[in-house]
Each structure stands twice: as C-alpha cells, then as structure tokens.
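Residue numbers (the numbering used here), protein chains in the order written: chain A, 2 to 311; chain B, 55 to 310.
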C-alpha cells in the first residue's frame with residue numbers, strides 16, 4: 002500500500018483514487034487473477050435492477066476507432082440475488098459501490114432502501130443507460146426527473162448517493178447543478194455517448210439494439226472537458242471517468258477536478274491496467290515531491306469550486 | 055462446468071505464420087506458461103499490439119506444445135483484427151490472456167468429432183488429446199477448405215468428409231453422413247464445433263440416436279473473463295456466459 006494514494010471519499014476509506022466503472026469489471030472477482038482488489042478505491046458493480054434482466058438480443062459489442070460500442074441492456078441477476086449471493090462473497094474484499102437503475106422514481110427509492118445494508122459503501126444512480134427503452138435516459142436528460150431520483154434515493158438510504166451523469170445532454174452543468182441541489186453527495190461522469198455502426202455488407206446496423214454506448218479512449222477528450230466544466234459548476238466531489246486507459250489519462254482527470262477516477266473499457270484491453278495506473282500515479286506524486294495525490298486535484302482548473310475543500 | 059484454471063497474461067513472441075488456404079492462417083507463438091496450462095477446447099484472448107485495438111480477439115487453441123512452450127492458432131481473416139494478425143511476422147510480439155473457458159470433457163472412449171470451418175481448430179487440439187481414440191467427420195465448402203484432412207491424418211482414427219460441391223468426399227452437409235455413422239460406429243459421444251445451424255442440426259441427430267453431445271460456441275466477446283456480458287446466451291439453466299461458463303456446453307443445455 003502506498004500512503005500517497007490513500008484518501009477518504011464520501012467517508013469511505015480508499016487505498017487509492019482508482020476505481021472501476023460499472024459494467025466493465027463485473028463484481029470484481031472476475032479480475033482476481035490480475036488485480037489486487039484491495040488496492041482499488043472501489044468497484045462500481047454491474048448495473049443492478051429490481052428484477053433480473055436478460056438484456057438485449059443480437060450483437061452486443063463492436064470495436065470502433067479507439068473505442069467500442071456496447072448495448073448489453075443492463076443484463077443482471079436482480080437486486081435480491083445480488084444481496085443474497087454476490088454481496089456476501091465480495092464485501093470484505095473491496096469497497097462495493099452499487100450501480101442501480103430503476104424504471105420509475107419509486108423503484109430507485111426501493112432499490113436504495115434494499116441496499117442500505119452493511120457491505121455496501123455507496124450507491125451510484127444510473128439515470129443514463131442508453132441501452133434500455135424504459136426509464137434510464139429520460140431521468141438522465143431531464144434535470145427535474147434526475148432530481149426526483151436523487152430525492153427518492155436519499156430518502157431511503159443512509160449510504161452516500163452518487164449520480165452518474167449522461168454526456169448526451171446539451172448542458173451537463175445544468176444537470177450537475179440540479180442533482181447537487183437535490184442532495185446528491187457526488188457525481189460521476191461520464192456515462193457512454195450514444196453511437197452506432199452499420200455493416201455495409203448486410204446493410205444493417207451492427208448492434209442488436211441499433212445504437213449503443215461509445216466508450217474507450219475515443220471519448221476521453223469529451224469526458225475530460227465535461228469533468229472540467231462540472232468542477233467549475235458544483236461543489237460536490239466528482240468521480241471522473243470516460244476513456245481512462247493510462248496513468249497520464251488519470252492524472253488529467255484529477256487535474257481537471259475529479260477527486261477520484263474510474264477505469265472502464267481499458268480493463269478489457271489490459272486486465273491489469275488499474276494496478277499500472279495506481280503505480281503510475283504514485284510514481285508521479287514522488288517525482289513531483291508531493292505528499293499526497295490529493296494535492297493534484299483541480300490544479301489545472303482555475304475555476305475549480307472545491308479548491309478550498311480538497 | 056465452470057472454468058477454474060488460473061488465467062494468465064503473457065507477452066508472446068511470434069515464432070511463425072503460414073497461410074493454409076485463401077484467408078486462413080496458422081500462427082505459432084512462444085508462450086510457455088499458457089502452453090503448459092491450456093486444455094483442449096479453451097481459447098486465448100489475443101491483444102494485437104501492431105495497431106490501435108481496444109478489444110482483444112478470442113481465438114481457439116489448435117495446439118499447445120508444452121515442451122517447447124508453443125501455442126498455435128488457426129484462424130480465418132474476417133475483419134480488421136484478423137487482418138492485422140495475418141501480417142504478424144516471426145519476432146513480433148502479441149499479448150495473450152488465457153487460457154480461457156472450460157474446455158472439452160476428455161472422458162470418452164470413442165468420440166465422433168464433427169466440425170466445419172474454423173470450428174475444426176479447437177477440435178484438432180481435442181483429437182490430439184484423445185490420442186487416436188476419436189474419429190472425425192468434417193464439412194467444408196470446397197476442396198480447398200479440407201486442408202484439415204491432412205492435419206487430422208494420423209491424429210484421428212477414421213476421417214469422413216463432406217463438401218458442399220462434392221469435390222471431396224460426400225456431396226452435402228455433415229448431416230448427410232452423421233445418422234449412418236452414429237448408427238454403425240458405436241460412438242459414446244459427439245463433439246461438435248462449427249456454425250450454429252450446423253451444431254444445432256448435429257445436436258438434434260445425436261439426441262435422436264441417444265449419443266451425448268458437446269458443442270463449442272463462438273460469440274463476440276469483450277472482456278473474456280465473464281464480466282462484461284457481451285457473450286451472454288440463454289440456456290436451459292438460465293443465462294450463461296460463453297467466455298466463462300463455456301465455450302463448451304452439453305448440447306441439450308444450449309439447444310433446447
């Protein structure tokens with residue numbers, strides 16, 4: 002363990018500011034052969050819903066220039082199975098942040114209440130899954146709807162509540178301010194950008210769901226710009242994500258104003274990448290003669306609102 | 055049967071590459087740890103380092119030479135990734151993640167292998183592991199594709215061939231010959247890998263004849279570790295992941 006990487010985020014003690022993004026890291030245990038899970042700040046587990054979901058039919062993943070599109074469609078075993086079979090297996094090994102998705106405001110409240118149990122470190126509200134027809138994206142693009150979801154979650158749990166912001170909006174700062182106002186403890190950004198690919202031989206969309214979420218290095222400049230803007234718009238802390246694949250990428254997000262970062266698609270390219278990023282940040286901190294990585298947060302952002310807080 | 059083997063990441067030097075037929079290549083790499091661990095039916099996720107690739111490419115293992123630390127693959131060029139693979143030369147490096155998946159059951163005494171196209175690749179590893187106990191029924195589009203015959207010669211006991219155009223063996227699909235072979239051959243298992251419609255038809259005939267059947271599925275994959283759910287399928291026991299719970303399944307579990 003490296004003390005320069007340690008932090009406390011939303012009251013959660015983290016060994017490093019490197020987390021893994023929902024949907025790219027399963028429940029953590031799938032990566033046990035490659036990752037010391039205790040070195041991660043936390044694992045944002047696969048999007049969980051009230052009922053089990055089988056997800057979308059047809060092709061669910063395709064590679065794009067420096068990225069990928071997915072349309073899994075929130076396949077998951079449901080919150081009850083998560084609580085009875087998965088959480089007991091993983092809770093002592095890592096900080097478990099549960100990503101939840103509801104089809105109504107009430108369902109977010111119900112999920113938040115069910116997950117208000119020992120072993121859950123925080124709850125991340127997925128209001129921006131681009132791959133499901135009901136709910137999801139509607140909550141993610143309407144400030145009033147997103148606020149209602151935050152209210153419902155906060156009223157039903159004592160856990161910190163993180164809202165995952167969608168980049169598929171005109172003004173992400175408007176959304177960030179609305180959910181801050183509604184009581185969100187933090188925001189995570191960005192979720193995937195909606196995209197598509199067409200098979201020119203078959204003359205059909207490649208993905209079974211026609212469109213999918215774009216992720217990977219291709220989205221990094223967009224994600225970084227949004228983190229930078231949101232860091233100037235709200236005072237709640239930011240989990241920065243979107244195409245982070247290297248130490249340098251992670252440092253950019255921290256300098257833009259993210260307090261911790263999450264790695265997603267890069268876990269597919271290199272299952273060990275999170276460990277390399279932890280080592281890389283620690284080496285950078287030493288090279289810069291700092292005591293903690295925290296001294297980097299927001300340092301490239303002169304309008305950073307949390308400057309006095311971190 | 056879920057996989058339980060330790061998964062490894064290994065940089066592998068390309069030992070050589072050979073064109074076997076139009077668009078079909080044999081690639082051998084030096085990866086001693088994965089060579090020692092790989093079992094027939096398992097696959098490896100190849101990260102191509104010569105180009106901007108985000109996703110690894112899952113490829114079945116055709117042979118693992120433990121003594122010399124060599125892992126080999128036979129693949130068809132179908133897209134950007136396999137096009138880049140075809141350009142690899144001796145001395146280039148790829149990164150391997152594996153061995154992945156569960157592999158074939160090796161318990162049977164006299165199995166019949168049924169394969170088509172690149173499906174014959176993992177089946178070759180299986181046939182070699184069965185040390186002459188297996189027969190093979192292979193189907194191809196034309197004579198050129200049955201280069202597999204020369205590979206299987208000496209590994210499988212009896213080789214039966216069908217081609218779509220009748221240029222080699224029996225004209226038609228493998229399903230032309232299968233019922234007769236199963237009736238006469240005293241096989242205790244059918245092990246099949248190929249296009250889904252072929253596997254489904256073979257599984258149906260095996261079921262009719264009362265012969266247990268294992269199938270090896272191919273799907274697009276993301277992580278290869280059971281995390282991303284890109285390769286989820288419906289089974290008789292609910293949702294399963296081809297990369298982690300498969301790629302080998304009892305036929306009745308996936309064709310139900």
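Glycine residues also receive a C-beta, built at the ideal position from the N, C-alpha and C atoms.
Nearest by alpha-carbon distance to residue i: which of the options is it?
i, options, result
"residue 142 (chain A)", "A:125, A:166, A:123, A:151", "A:166"
"residue 209 (chain B)", "B:241, B:117, B:144", "B:117"
"residue 89 (chain B)", "B:76, B:80, B:95, B:120", "B:120"
"residue 107 (chain A)", "A:77, A:157, A:264", "A:157"
"residue 237 (chain A)", "A:259, A:296, A:4", "A:259"
"residue 212 (chain A)", "A:198, A:203, A:12", "A:198"
"residue 124 (chain A)", "A:189, A:171, A:65", "A:189"
"residue 211 (chain B)", "B:164, B:249, B:176", "B:164"
"residue 196 (chain A)", "A:118, A:13, A:61, A:86", "A:61"
"residue 14 (chain A)", "A:278, A:121, A:105, A:185", "A:121"
"residue 175 (chain B)", "B:157, B:162, B:283, B:287", "B:157"
"residue 116 (chain A)", "A:162, A:202, A:246", "A:162"
"residue 184 (chain B)", "B:193, B:202, B:243", "B:243"
"residue 109 (chain A)", "A:243, A:220, A:49, A:254", "A:49"
"residue 161 (chain B)", "B:207, B:245, B:114", "B:245"
"residue 112 (chain B)", "B:304, B:307, B:227, B:285", "B:285"
"residue 226 (chain A)", "A:253, A:201, A:127, A:35", "A:253"
"residue 272 (chain B)", "B:59, B:95, B:76, B:87", "B:95"
Residues in the same chain with beta-carbon distance under 8 Å from residue i, minus the five sequence neighbours each way, listed in chain order, please.
i, result
"residue 263 (chain B)", "233, 236, 237"
"residue 291 (chain A)", "5, 297"
"residue 95 (chain A)", "29, 38, 39, 41, 43, 44"
"residue 56 (chain B)", "Note that residue 56 (chain B) has pLDDT 45, beneath the 50 cutoff, so the model's placement of it is unreliable and the number below is only indicative. Excluding positions up to five away in sequence, the list reads 156, 298, 299."
For residue i, would you say it is in contact with chain A, using Cβ-to-Cβ distances shorter than 7 Å as the test?
i, result
"residue 60 (chain B)", "yes"
"residue 297 (chain B)", "no"
"residue 281 (chain B)", "yes"
"residue 175 (chain B)", "no"
"residue 290 (chain B)", "no"
"residue 106 (chain B)", "yes"
"residue 294 (chain B)", "no"
"residue 274 (chain B)", "yes"
"residue 109 (chain B)", "yes"
"residue 196 (chain B)", "no"
"residue 204 (chain B)", "no"
Would residue i pass as an interface residue toward chain B - the criterion being a Cβ-Cβ separation below 7 Å?
i, result
"residue 269 (chain A)", "yes"
"residue 276 (chain A)", "no"
"residue 67 (chain A)", "yes"
"residue 34 (chain A)", "yes"
"residue 83 (chain A)", "no"
"residue 111 (chain A)", "no"
"residue 73 (chain A)", "yes"
"residue 59 (chain A)", "no"
Does the Cβ of residue i have 16 or more other Cβ atoms within 10 Å, making it buried, or fewer, making it exposed?
i, result
"residue 270 (chain A)", "buried"
"residue 276 (chain B)", "buried"
"residue 171 (chain A)", "exposed"
"residue 310 (chain B)", "exposed"
"residue 210 (chain A)", "buried"
"residue 294 (chain A)", "buried"
"residue 100 (chain A)", "buried"
Which same chain residues end up closer than 7 Å to residue i when comparing Cβ atoms and leaving out the 5 residues on each side of it in sequence?
i, result
"residue 91 (chain A)", "28, 29, 30, 97"
"residue 145 (chain B)", "67, 68"
"residue 180 (chain A)", "147, 148, 151, 164, 188"
"residue 230 (chain A)", "173, 174"
"residue 56 (chain A)", "73, 74, 75, 76"
When every heavy atom of the ligand NAD is checked, does at least one fall within less than 6 Å of the C-beta of residue i?
i, result
"residue 45 (chain A)", "The model depicted lacks the ligand NAD and carries no ligand whatsoever."
Among the residues of its own chain, which have a CB less than 6 Å from the CB of residue i, if the five just before and after it don't count?
i, result
"residue 300 (chain A)", "256"
"residue 173 (chain B)", "247, 248"
"residue 82 (chain B)", "69, 70, 124, 126"
"residue 65 (chain B)", "147, 149"
Subject >> Three or more C-beta pairs below 8 Å linking the stretch 177 to 188 of chain B and the stretch 132 to 142 of chain B >> reply: Contact fails: fewer than three Cβ-Cβ distances are below 8 Å.
Subject >> Given 8 Å, three or more beta-carbon pairs between the stretch 214 to 224 of chain A and the stretch 70 to 86 of chain A >> reply: Yes, the stretch 214 to 224 of chain A touches the stretch 70 to 86 of chain A.
Subject >> the stretch 215 to 229 of chain B in contact with the stretch 186 to 200 of chain B per 3-pair CB rule at 8 Å >> reply: Taking 8 Å as the limit for Cβ pairs, the verdict is that the stretch 186 to 200 of chain B does touch the stretch 215 to 229 of chain B.
**OP:** Spell out a yes or no on whether the stretch 12 to 24 of chain A and the stretch 264 to 283 of chain A are touching, meaning 3 or more CB-CB pairs, one atom from each, closer than 8 Å.
**Re:** Touching, per the Cβ criterion.
Original post:
Per the contact definition of three or more C-beta pairs closer than 8 Å, is the stretch 252 to 267 of chain B in contact with the stretch 3 to 19 of chain A?
Top reply: Using a C-beta cut-off of 8 Å, the stretch 3 to 19 of chain A makes no contact with the stretch 252 to 267 of chain B, since fewer than three inter-stretch Cβ pairs fall below that distance.
**OP:** Would you check if there are 3 or more beta carbon pairs closer than 8 Å linking the stretch 280 to 288 of chain A to the stretch 280 to 293 of chain B?
**Re:** Cβ pair count under 8 Å is below three, so no.
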